[in-house]
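Below is one structure, written out as structure tokens, with a few remarks after it.
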Ligand code: PEP
């Protein structure tokens, strides 16, 4: 069975002291949470803290991730960080196309696809986020929207699509305390799996994470679904006990 991935998205939270406290809490509880079983664990941190967290997670069994990456390799792009620069600091994952970046920074499906490509070209695994807004769900557009978002990434990345991690994050569930039911999430995950299968013979190895108010109480029901291969965790990733409970629910 595929190993599940639990990735924390810290968003714009933290400080040198808070990061240290959070990671030391995770460090202290990780082997008990895994209980001799396995799960992949990552933290996607604000880029300014990449160097600090690289040191802190060293030998901890937690991978380092970030929340965005430039589409460009280098040059006159003020404020951006290239995939090669991130790789220099041991970054393993980069979230791309998070709904907050699509919404507040106007990222298009095509830009998100290029960001995934840029990450892959430096050996960083993109965690590609797709998801519908509440208005889109209510208009019956959920499948159409997530398929359009994923299609752009498939179009730009070709057979490399089997190297991504995909995250289904219904926008109405992010930071709201409203979670998709396990059945609602599974039905979208199955649609995404079928789309990946049509694009790549290795689609079965793509992890499809669920994100959107996943927490210590609801994680095990969500993670029990056939096509839910892990979680992208916002708020609950900032509390060691909650994050560890989710990891325990993912361990196989
Ligand atoms: C996210 O932002 O990726 C997320 C899932 O946030 P939350 O868990 O807080 O809803």
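In our numbering, the protein residues as written are 2 to 253. Virtual Cβ for every residue (Gly too), placed ideally from N, Cα, C. Keep in mind that this is a model prediction, so the values were computed, not measured.
Pairwise C-alpha distance: residue j and residue i
i: residue 11; j: residue 133; result: 21 angstroms
i: residue 226; j: residue 194; result: 13 angstroms
i: residue 243; j: residue 109; result: 33 angstroms
i: residue 115; j: residue 9; result: 23 angstroms
i: residue 39; j: residue 77; result: 43 angstroms
i: residue 238; j: residue 98; result: 19 angstroms
i: residue 229; j: residue 103; result: 23 angstroms
i: residue 120; j: residue 126; result: 6 angstroms
Local Cβ density within 10 Å of residue i, reported as buried at 16 or more and exposed below that
i: residue 89; result: exposed
i: residue 206; result: exposed
i: residue 150; result: buried
i: residue 17; result: exposed
i: residue 170; result: buried
i: residue 135; result: exposed
Rounded distance between the beta-carbons of residue j and residue i, thought under 8 angstroms
i: residue 42; j: residue 64; result: 7 angstroms
i: residue 178; j: residue 211; result: Rounded, the Cβ-Cβ distance is 15 angstroms, inconsistent with contact.
i: residue 249; j: residue 5; result: Incorrect: roughly 11 angstroms between the Cβ atoms, too far for contact.
The ligand PEP heavy atom lying under 8 angstroms from the CB of residue i
i: residue 234; result: yes
i: residue 161; result: no
i: residue 215; result: yes
i: residue 10; result: yes
i: residue 177; result: yes
i: residue 170; result: yes
i: residue 153; result: no
i: residue 101; result: yes
i: residue 107; result: no
i: residue 238; result: yes
i: residue 141; result: no
i: residue 98; result: no
i: residue 43; result: no
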